[in-house]
Amino acid sequence: MSVLSGKKIVLGISGGIAAYKTASLVRLFIKAGAEVQVIMTPASKDFITPLTLSTLSKNPVHSTFYNEEDENAVWNNHVELGLWADLMVIAPATANTLSKMATGNCDNLLLATYLSAKCPVYFAPAMDLDMYKHPSTLASFNSLKQFGNIMIPAETGELASGLSGEGRMAEPENIITFLEADIASKLPLKGKKILITAGPTYEAIDPVRFIGNHSSGKMGFDIAKCAANLGAEVTLISGPTHLSTSNSSIQLIRVFSAQDMYDACHAHYENMDVAIAAAAVADYRPKNVAVQKIKKAEQSFNIELEKTKDILASLGEIKKNQFLIGFALETENEIENAKLKIQKKNLDLIVLNSLQDEGAGFGKSTNKITFIDKDFNIQPMELKSKEAVASDILNKVIAHYHA
Ligand code: CTP
Numbered sequence: 001m002s003v004l005s006g007k008k009i010v011l012g013i014s015g016g017i018a019a020y021k022t023a024s025l026v027r028l029f030i031k032a033g034a035e036v037q038v039i040m041t042p043a044s045k046d047f048i049t050p051l052t053l054s055t056l057s058k059n060p061v062h063s064t065f066y067n068e069e070d071e072n073a074v075w076n077n078h079v080e081l082g083l084w085a086d087l088m089v090i091a092p093a094t095a096n097t098l099s100k101m102a103t104g105n106c107d108n109l110l111l112a113t114y115l116s117a118k119c120p121v122y123f124a125p126a127m128d129l130d131m132y133k134h135p136s137t138l139a140s141f142n143s144l145k146q147f148g149n150i151m152i153p154a155e156t157g158e159l160a161s162g163l164s165g166e167g168r169m170a171e172p173e174n175i176i177t178f179l180e181a182d183i184a185s186k187l188p189l190k191g192k193k194i195l196i197t198a199g200p201t202y203e204a205i206d207p208v209r210f211i212g213n214h215s216s217g218k219m220g221f222d223i224a225k226c227a228a229n230l231g232a233e234v235t236l237i238s239g240p241t242h243l244s245t246s247n248s249s250i251q252l253i254r255v256f257s258a259q260d261m262y263d264a265c266h267a268h269y270e271n272m273d274v275a276i277a278a279a280a281v282a283d284y285r286p287k288n289v290a291v292q293k294i295k296k297a298e299q300s301f302n303i304e305l306e307k308t309k310d311i312l313a314s315l316g317e318i319k320k321n322q323f324l325i326g327f328a329l330e331t332e333n334e335i336e337n338a339k340l341k342i343q344k345k346n347l348d349l350i351v352l353n354s355l356q357d358e359g360a361g362f363g364k365s366t367n368k369i370t371f372i373d374k375d376f377n378i379q380p381m382e383l384k385s386k387e388a389v390a391s392d393i394l395n396k397v398i399a400h401y402h403a
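In the working numbering, the protein residues as written are 1 to 403.
Right, here's the structure in full:
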């Protein structure tokens, strides 16, 4: 999935021949899953029609400070557009527009929106080779970079003038690649390796029967997805569940029993920066597993159980620099029990679920949690979707690294 997926993009188009390529650029943004609003300078309409761009972006195109086609002329609110955007891309950015951006000139909607935007701004220059090298253009580039704007360098090739050289707007595909790489490199969990356990474990009784639980795995899978979206490299070790993932940043390792999960966790833990144990691991397993299917015979039948290894505690024992997060599902003395678990398992943070809270627990799409950290700071959270809870948990990880 592209990092542009779900992003709100304002595309500012200024008046150069490369404007015709923005049709492809808008298509690629939409294909990547972004939402696009286009702002055109008046001059750019000579190179591509607003109708083309509104059709492709599935949104009206903005160009003036008021809506020309509407008798009741509504003001086009550049501040709103600037605040709406997660990123603004100005492509093509002509020498004229770049110079105006650099000096705070504000005589069209694109420039007014640029001055209002709080999000990252990218610009893709497009002009003839001598214009591209002119000291005043270079001065514009430098000023804009100093403002924190990001330049998508022009490419070399044949120019509209017939000359050949540097100044062609980067090809739409290359603009997308540039944006994806730049955004990915700045994600808050970039470079972090996160181990996540999820789902139930199944403990075999015989070749066809097992002891399991109702965990769906959703909480762990949601954490994995959210961590990957934040730039982390995720190893997701899951017990049996119908859930799956196609995210290339998530390595999914499917296991069956608590012992399998223990082995898989220990095979990967050493290289990890973070481990989050969201699995509902069986605490006991049948002491003897029958080799053949057990036949019914006696009126009653006992299975002797033995303790499984506590995976989380074992990770806590060998912890080096890992930030270790556990879950606790409690029905009484929640806070005290959770605090004991922090100490017993050497955790940095525990995510406490109380079954007394409505909306928390197995099989639900919501969760109500309380964070308790290793210094016993307690932070109760609202009832939220599991996706939102996943995001809250990862914000704790981000805060740990960016404190
Ligand atoms: N856990 C684990 N391995 C186990 C049991 C639990 O890794 N064999 C992890 C769970 O993934 C969870 C945390 O330990 O993050 C808490 O599990 P929980 O069942 O609530 O607590 P227990 O320590 O098993 O204690 P008890 O069942 O007595 O409450």
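Ideal Cβ placement from N, Cα and C applies to all residues, glycine included.
Which residues mark the beginning and the end of the alpha helix (DSSP H) in which K295 is found? Per DSSP, K295 lies in no alpha helix (DSSP H) and is assigned neither H nor E.
Does the distance from the CB of I303 to the CB of V351 come in under 9 Å? No, they are not a contact pair.
Using the three-state DSSP reduction, which class does P120 fall into: helix, strand or coil? It is coil, neither helix nor strand.
Taking the Cβ atom as the reference point for each residue, do I311 and A279 lie within a distance shorter than 9 Å? Between I311 and A279, the CB-CB gap stays under 9 Å.
If you drop the 5 nearest sequence neighbours on each side, which residues of the same chain put their C-beta closer than 6 Å to that of L28? Result list for L28: P172, I176, in chain order.
Between the region 188-196 and the region 147-166, do three or more beta carbon pairs fall short of 8 Å? Contact between the region 188-196 and the region 147-166 is not established, with fewer than three Cβ pairs separated by less than 8 Å.
Of the residues F376, D375, E358, which one's Cα is nearest the Cα of L383? Of F376, D375, E358, the smallest CA-CA separation from L383 is found for E358.
Closest Cα partner of N1 within the set R254, T308, K225: First, the amino acid is wrong: residue 1 is Met here, not Asn. The candidate whose alpha carbon is nearest that of M1 is K225.
Measuring alpha carbon to alpha carbon, tell me which of T41, D46, H78 ends up nearest S63. When only C-alpha atoms are compared, the closest one is T41.
Going by beta-carbon coordinates alone, are A170 and I17 separated by less than 9 Å? Here A170 is not near I17, since their CB atoms are 9 Å or more apart.
Between V274 and the ligand CTP, is the CB less than 8 Å from at least one heavy atom? Not a single heavy atom of the ligand CTP lies less than 8 Å from the C-beta of V274.
Compare the Cα-Cα distances from I325 to each of F371, E35, V234 and report the closest residue. Across the set F371, E35, V234, the C-alpha of F371 shows the shortest separation from the C-alpha of I325.
Less than 9 Å between the beta carbons of K413 and A258, yes or no? Because residue 413 is not part of the residues shown, which for the chain are 1 to 403, the question remains open.
Tell me the start and end of each unbroken beta strand (DSSP E) in the region 173-219 that is at least 3 residues and wholly inside, in chain order. Counting whole runs of 3 or more residues, the region 173-219 contains the beta strand (DSSP E) stretches 193-198.
Where DSSP assigns a beta bridge to P60, which residues make up the other side? BP columns for P60 are empty, so no partner.
Given a cut-off of 9 Å on the beta-carbon distance, is the pair C119 and A160 in contact? Going by beta carbons, C119 and A160 fall outside the 9 Å limit.
Beta-carbon separation of L230 and P200 under 9 Å? No, these two residues do not count as a Cβ contact at 9 Å.
Do you know whose CA, among H400, R285, C106, lies nearest F210's CA? Of the candidates H400, R285, C106, the one whose C-alpha sits nearest the C-alpha of F210 is R285.
Say the cut is 8 Å; is the CB of F178 nearer than that to a heavy atom of the ligand CTP? Flag unset: Cβ of F178 not near the ligand CTP.
Among V397, I205, S391, E387, which has the Cα closest to the Cα of D373? Checked all of V397, I205, S391, E387; the closest Cα to D373 is V397.
Have a look at D283 and N174 and give me their C-alpha separation to the nearest angstrom. Between D283 and N174, the C-alpha separation is close to 52 Å.
If I measure Cβ to Cβ from V281 and keep anything under 7 Å in the same chain, skipping five residues before and after, which residues do I get? Spatial neighbours of V281 in its own chain (CB-CB distance under 7 Å, excluding positions within 5 residues in sequence) are listed in chain order as T201, A258, M261, T308, I311.
Here's the rule: buried if 16 or more other CB atoms are within 10 angstroms of the residue's CB, otherwise exposed. What is E336? With fewer than 16 other beta carbons inside 10 angstroms of its own, E336 counts as exposed.
Just curious, the alpha helix (DSSP H) that T41 is in, first and last residue? No alpha helix (DSSP H) contains T41, which DSSP labels as neither H nor E.
So which of K186, V289, I276 has the shortest CA-CA distance to V208? The shortest Cα separation from V208 among K186, V289, I276 belongs to V289.
Whose C-alpha, out of I205, T103, A34, is nearest the C-alpha of F301? Across the set I205, T103, A34, the C-alpha of I205 shows the shortest separation from the C-alpha of F301.
Extract the residue ranges of the alpha helix (DSSP H) inside the region 328-400, only unbroken runs of 4 or more that lie entirely within it. List check, alpha helix (DSSP H) in window: 334-345.
Among A102, N59, K100, nearest to L81 - alpha-carbon criterion: The candidate whose alpha carbon is nearest that of L81 is N59.
Let me check you understand the geometry: is the CB of A19 closer than 8 Å to at least one non-hydrogen atom of the ligand CTP? Placement of the Cβ of A19 at a distance of 8 Å or more from every heavy atom of the ligand CTP is found.
Tell me the residue span of the alpha helix (DSSP H) that contains K145. Its alpha helix (DSSP H) spans residues 135-146.
Have a look at Y114 and G104 and give me their C-alpha separation to the nearest angstrom. For Y114 and G104, the distance between alpha carbons rounds to 9 Å.
Confirm, please, whether the CB-CB distance from L11 to M88 is below 9 Å. One thing to note: M88 has its Cβ within 9 Å of the Cβ of L11.
Assign E407 to one of three DSSP states: helix, strand, or coil. Any property of residue 407 remains undetermined from this structure, which presents the chain solely from 1 to 403.
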